[in-house]
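> Below is a structure I'd like to ask you about.
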Amino acid sequence: MIAGSGGSGGGAGASRAMDVQQIFERLGQLCGGALLDAAPGDGEWPRLNVVPTRVAEVARVLRDDPALGFDCLANLTGVDLKSEDSIEVCYHLFSYRHRHQLMLAARASRGDPLLPTFTDLWPAADWLERECFDLLGVRFIGHPDLRRLLMPEDWVGHPLRKDFIEPEEYHGISTRRESLLKL
Amino acid sequence: MTVAIDVALEREGVGGLETEEMTLNMGPQHPSTHGVLRFVVKADGEVMRRAIPDIGYLHRSIEKISEKVGYHGFMPYTDRVDYVSAMQCNQGWAMACEALAGITVPRRGEYCRVIACELGRIASHLISVGATGMDIGAMTPFTHCIREREKINDLLEELCGARLTFNYMRIGGCAWDLPPGFAARALDFINRFEPLIDELNELLSFNKIFVERMANVAVISAEKAIAYNLVGPNLRGSGVRYDVRRDVPYSVYSEFQFDVPIGTGEKGTLGDSWDRYMVRCREMKECCRIVRQAIEGLPAGPVIAKVPRTFKPPRGEVYVRVEGSRGDMGWYVVSDGSAFPYRTHIRTGSYTAMSIVEELSPGLMIADLVAVIASFDIVAPEVDR
Amino acid sequence: MSLINTVPETVLTTKIDDLLNWTRKSSVWYMLFGLACCAIEMMQTGGPRSDLDRFGAVPRATPRVSDLIIVSGTLTLKMALRTKLLYEQMPDPKYAISMGSCSNCGGLFQLAYSVCDGVDKVIPVDVYVPGCPPRPEALTEGLLKLQDRIQQERWLVRKGDAAQAVA
Chain B
1 MIAGSGGSGG
11 GAGASRAMDV
21 QQIFERLGQL
31 CGGALLDAAP
41 GDGEWPRLNV
51 VPTRVAEVAR
61 VLRDDPALGF
71 DCLANLTGVD
81 LKSEDSIEVC
91 YHLFSYRHRH
101 QLMLAARASR
111 GDPLLPTFTD
121 LWPAADWLER
131 ECFDLLGVRF
141 IGHPDLRRLL
151 MPEDWVGHPL
161 RKDFIEPEEY
171 HGISTRRESL
181 LKL
Chain G
1001 MTVAIDVALE
1011 REGVGGLETE
1021 EMTLNMGPQH
1031 PSTHGVLRFV
1041 VKADGEVMRR
1051 AIPDIGYLHR
1061 SIEKISEKVG
1071 YHGFMPYTDR
1081 VDYVSAMQCN
1091 QGWAMACEAL
1101 AGITVPRRGE
1111 YCRVIACELG
1121 RIASHLISVG
1131 ATGMDIGAMT
1141 PFTHCIRERE
1151 KINDLLEELC
1161 GARLTFNYMR
1171 IGGCAWDLPP
1181 GFAARALDFI
1191 NRFEPLIDEL
1201 NELLSFNKIF
1211 VERMANVAVI
1221 SAEKAIAYNL
1231 VGPNLRGSGV
1241 RYDVRRDVPY
1251 SVYSEFQFDV
1261 PIGTGEKGTL
1271 GDSWDRYMVR
1281 CREMKECCRI
1291 VRQAIEGLPA
1301 GPVIAKVPRT
1311 FKPPRGEVYV
1321 RVEGSRGDMG
1331 WYVVSDGSAF
1341 PYRTHIRTGS
1351 YTAMSIVEEL
1361 SPGLMIADLV
1371 AVIASFDIVA
1381 PEVDR
Chain V
2001 MSLINTVPET
2011 VLTTKIDDLL
2021 NWTRKSSVWY
2031 MLFGLACCAI
2041 EMMQTGGPRS
2051 DLDRFGAVPR
2061 ATPRVSDLII
2071 VSGTLTLKMA
2081 LRTKLLYEQM
2091 PDPKYAISMG
2101 SCSNCGGLFQ
2111 LAYSVCDGVD
2121 KVIPVDVYVP
2131 GCPPRPEALT
2141 EGLLKLQDRI
2151 QQERWLVRKG
2161 DAAQAVA
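Residue numbers (the numbering used here), protein chains in the order written: chain B, 1 to 183; chain G, 1001 to 1385; chain V, 2001 to 2167.
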């Protein structure tokens, strides 16, 4: 049952939202070794850095534990950290049941970014991961259909990488245009 | 209407004949009034086995451009993320930058934003409602909606000089104060427009043919809607009462009285296409209420805070959500302390709505696919960015 | 003796070329090719206030029966190939209006990696309508300019002159 449905009051409804510290402690009990930080970050979406290989495990706990109850993957995106030679993938999780929120972050190496898929946890992850693969080249292990989403299938390169260079032409269409002021 | 045909039985046919699956291509040249979308439809006669969306025909690399043009310069681009209701996109970007730099917007600025956003929301829902009618085959309601939309366009043009891509908001407030006489004209419009919603409902929403086409089509349960991360009217159509304006109040929305309409299932099943459509009709009334309250309570003062011309927010990241016309819009911005954003990501309502289409399609008629897209109010650039 | 004085006032005299062009320009059917923001303005141009129908221009959903393609909005590289395909499906004589900065030259999105800077790289364009997006009045003006152009075309020429006349 979803607390938000039918209820008129904002916020918690029948269940209580947990604050960051409580979420962090609960996670520490259930999968302690997977967390990289000693304390959670602050802000509206507190950041939680996770060991990349165990991110799916943490996510499963976050979704399935009744007290945590993150039933919605609100956003998934990647950031190319070129200077640190890694790509960070951020997962914004939200709970409609308890109305609390959290941001998971996992880093993968820039050369061959590999992370486990979330498609079996939240179907919303399907397209978000495809987009992340398309634009940043992160490969999600176990994704059922990891194809390009936005760019054409025959496109080369991942445009949101910081060192991406725009190709000169695409199927005979030049991608350069001279300034009209020079004419 | 949903035709729940057992696929195996369908293949056998009445006389034991096996019918062949055919592949249809729909789009990308404007399959309906929602922009460049493409579907690869695997159909058996009139019944779809699967409709696979193919997007990216309007991918304009807005996220990458943000890394090149700086914080102030990106504002016109946000208009083009969702051109049907650009005000909320303006606000999303402005709020993200303000959150990064810790800027407080003057109260009058916030009120101007609310008035502009809610007028924009009415204009957007008018397009959605009218286009739904047109997709189903009713041409006239569309012209009714466009007629009213033109009046809002006029109002917003007074406000910022543009009809569609407003570029009205700035980091720290709004570009201009309300022009003289604007409040009276906006009130006048609201007073005339509100009864027209009932007229439109009689004309279209409760029309028998329209209801037959929309009710019980593509039913989405609340659990499924949340799992697929549907937002805004699409989520509320499934009966989840969640609105960012009310539940995580941003700007000055906490000062206004308004309801959050949800799907009722009165014409069919809770969460069907008609419910999603009807949420928008009912939301327009709430928008009118908000605009009225905002105009009545308009405080005096400046509309924009002092923000340096070279805007350099400190290092950090924010994820800001605003309630756009197509639902909860997420703006994820990473700053590295320079004058240019390090990374911007925009999570939009149409994107998630589009991703559920493939899941919904089996068993629907081909003609219903257009009705489903219309009920989601998909706008192509919001899908592709 | 002048011909004009001998016929009743209800009769108009004209050249066949002019007559043909007048009929053609009065029913320019345009293909709905809304791509982005400009598509909304194109829809509103066809709406009740601007009412493009009064110039004989009505929207068509298929290229096979259209005379005019109004490319309204940003043309991405992925879409550019499709645009060419659609244009080639239109029967001759065909015309193209490029509506808005994006399809004129890339406009705001010249910085983008996925945008074709100008539809004229893919198909020939007759009228460019500036603006981002152009107002309905601007698109109406663009259509009138195209009608002027159609009116000036010459069809009834000797075979040897045909190539010249079309050019």
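Built from N, CA and C at the ideal position, the CB exists for glycine as well.
Please read all numbers here as calculations on a predicted model, not as lab measurements.
1) List, in order along the chain, the chain V residues whose C-beta lies closer than 7 Å to that of residue 1307 of chain G?
2) Since residue 1358 of chain G and residue 1052 of chain G are thought to touch, with beta carbons under 8 Å apart, how far apart are those beta carbons, to the nearest angstrom?
3) Measuring only the C-alpha atoms, how far is residue 1139 of chain G from residue 1133 of chain G?
4) Please compile the residues from chain B whose C-beta is within a distance smaller than 7 Å of the C-beta of residue 2116 of chain V.
5) With burial defined as no fewer than 16 other Cβ atoms inside 10 Å of the residue's Cβ, what is the status of residue 127 of chain B: buried or exposed?
6) With a Cβ-Cβ cutoff of 8 Å, do residue 1321 of chain G and residue 1248 of chain G count as a contact?
7) Please confirm if residue 2105 of chain V has its CB atom under 8 Å from at least one CB of chain G.
8) Report the three-state DSSP secondary structure of residue 2211 of chain V (helix, strand or coil).
9) What residues in its chain sit with their C-beta under 7 Å from that of residue 2109 of chain V, if we drop five residues either side in the sequence?
10) Does chain G have any CB closer than 8 Å to the CB of residue 2091 of chain V?
11) Give the interface partners of residue 49 of chain B over in chain G, defined as CB-CB distance under 7 Å, in chain order.
12) Report the partner residues of residue 955 of chain G according to the DSSP bridge assignment.
13) Against chain G, does residue 2033 of chain V count as a neighbour if the rule is that its beta carbon must be under 8 Å from one of theirs?
14) Could you round the C-beta distance between residue 1335 of chain G and residue 1315 of chain G to whole angstroms and report it? I think they count as a contact, below 8 Å.
15) Using three-state DSSP, classify residue 101 of chain B as helix, strand or coil.
16) Quick one: is the Cβ of residue 1215 of chain G within less than 7 Å of any heavy atom of the ligand GTP?
17) According to DSSP, is residue 1311 of chain G part of a helix, a strand, or is it coil?
18) Taking only beta carbons into account, state which residues of the stretch 1109 to 1124 of chain G come closer than 9 Å to chain V, listed in chain order.
19) Does the distance from the CB of residue 98 of chain B to the CB of residue 2081 of chain V come in under 8 Å?
20) Considering only the beta carbon of each residue, do residue 1087 of chain G and residue 1120 of chain G sit closer than 8 Å?
21) Do you know how far the Cα of residue 22 of chain B is from the Cα of residue 187 of chain B?
22) For residue 148 of chain B, which residues from the same chain have a beta carbon less than 6 Å from its beta carbon, with the 5 sequence-adjacent residues on both sides left out?
23) Can you tell me whether residue 202 of chain B is buried or exposed, with buried defined as 16 or more other CB within 10 angstroms of its CB?
24) Could you please give the first and the last residue of the uninterrupted beta strand (DSSP E) stretch that includes residue 1321 of chain G?
25) Any Cβ of chain V within less than 8 Å of the Cβ of residue 1029 of chain G?
26) Under 8 Å, with one C-beta from each stretch per pair, do the stretch 1342 to 1354 of chain G and the stretch 1058 to 1066 of chain G reach the 3-pair mark?
27) Can you give me, in chain order, the residues of the stretch 1066 to 1084 of chain G that have a beta carbon less than 9 Å from any beta carbon in chain V?
28) If you reduce the DSSP assignment to three classes, tell me which class residue 1053 of chain G lands in.
29) Just to confirm, is the Cβ distance from residue 1381 of chain G to residue 2036 of chain V under 8 Å?
30) If I measure Cβ to Cβ from residue 60 of chain B and keep anything under 7 Å in the same chain, skipping five residues before and after, which residues do I get?
31) Going along chain V, which residues have a C-beta under 7 Å from residue 1057 of chain G?
32) Kindly list, in the order they appear in chain V, the residues whose Cβ is closer than 8 Å to that of residue 1060 of chain G.
33) Going by C-alpha distance, which of G/1218, G/1296, G/1283 and G/1261 is nearest residue 1271 of chain G?
34) Rounded to the nearest angstrom, what separates residue 1293 of chain G and residue 1234 of chain G at their Cα positions?
35) Taking 8 Å as the CB-CB cut-off, is residue 126 of chain B touching chain G?
36) By Cβ distance below 6 Å, which residues in the same chain neighbour residue 2145 of chain V in space, the five residues on each side in sequence not counted?
In brief:
1) Under the 7 Å cutoff, chain V gives no residues; its nearest Cβ is about 23 Å from residue 1307 of chain G.
2) 6 Å
3) 7 Å
4) 173
5) buried
6) yes
7) no
8) Because chain V spans 2001 through 2167 in this model, residue 2211 of chain V falls outside it and cannot be assessed.
9) 2074, 2102 and 2115
10) no
11) By Cβ distance, chain G contributes nothing, its closest Cβ being about 13 Å from residue 49 of chain B, past 7 Å.
12) This structure cannot speak to residue 955 of chain G, because chain G is shown only from 1001 to 1385.
13) yes
14) 6 Å
15) strand
16) The ligand GTP is absent from the structure shown, which contains no ligand whatsoever.
17) coil
18) none
19) no
20) yes
21) Look at the range of chain B in this structure, 1 to 183, and you will see that residue 187 of chain B is not part of it.
22) 134
23) With chain B covering 1 to 183 only, the question about residue 202 of chain B has no answer from this structure.
24) 1316 to 1324
25) yes
26) yes
27) 1068, 1069, 1076, 1077, 1079, 1080, 1083 and 1084
28) strand
29) yes
30) 121
31) 2076, 2078 and 2079
32) 2036, 2074, 2076, 2109, 2112, 2114 and 2115
33) G/1218
34) 26 Å
35) yes
36) 2127
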